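All letters in the sequence shown, in the order written, are residues 0 to 128 by numbering that gives the first Met the number 0.
Notes to accompany the following structure.
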Amino acid sequence: MPDYRVPKNEQILDALKSIFLRRRTVSSQRELKKLVEKELRSDEEFKVGEQRLRHIVLDSGLLDVDIHCRESLEKRHLSKCPVCESKLKKVRNLTVFGGTVTLGFKCPRCAYWSGLRKRVPMRYVFTRR
Ligand SMILES: [Zn+2]
């Protein structure tokens with residue numbers, strides 16, 4: 000048996016609401032995770048995974064999520080969003096020859112986008128809406 004509990008989605012949402020009553024911004028995903036776990040702690044320890052937390056935040060619409068990325072040298076066609084796992088849309092442009100050319104990728108669900116050189120998410124900033 001682990002010595003911690005896994006919180007339900009509603010518990011996480013309640014924790015997020017109280018945290019963002021007190022502050023406007025949390026400037027990393029790790030910090031947000033720590034704050035949520037601290038908020039939930041009573042006589043029991045709670046743990047939440049960073050990726051699960053990010054998904055709950057995106058689904059909730061409670062917070063703006065800024066995605067800071069670095070551009071990698073890798074040129075690759077992306078199909079899945081590295082932030083929220085939605086299917087990415089191609090951003091295309093017409094060419095003078097009447098065809099189309101892919102300029103990059105955009106997520107229909109979150110703020111992630113990338114050019115042909117893959118942008119790799121490095122840090123998330125969460126701000127109260
Ligand atoms: Zn996304």
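The beta carbon of each residue, even a glycine, is placed where N, CA and C say it ideally should be.
Here the structure is a predicted model, which is why all the values come from computation and not from measurement.
According to DSSP, Glu70 sits in a beta bridge with which residue or residues?
Residue pairing by DSSP places Glu70 opposite Arg118 in a beta bridge.
Arg108 Cβ short of 7 Å to ligand 1 heavy atom set
Answer for Arg108: yes, Cβ within range of ligand 1.
Cross-strand partners of Leu34 (DSSP beta bridge)
Bridge partners of Leu34: none, in fact.
Looking at Cys80 and ligand 1, is the gap between the Cβ and the nearest heavy atom below 7 Å?
Yes, since a heavy atom of ligand 1 falls inside the 7 Å radius drawn around the Cβ of Cys80.
Beta-carbon within less than 7 Å of Thr94's beta-carbon, same chain only, minus the 5 sequence neighbours each way: which residues are those?
Shown here for Thr94: same chain residues with a beta carbon closer than 7 Å to its own, the five before and five after excluded, namely Val100 in chain order.
On the three-pair Cβ rule with 8 Å, is the region 114 to 122 touching the region 59 to 69?
With a cut-off of 8 Å, the region 59 to 69 and the region 114 to 122 count as touching, because enough Cβ pairs lie within range.
Distance between Phe96 and Gln50 (C-alpha atoms, nearest Å):
When the Cα atoms are used, Gln50 and Phe96 turn out to be separated by approximately 43 Å.
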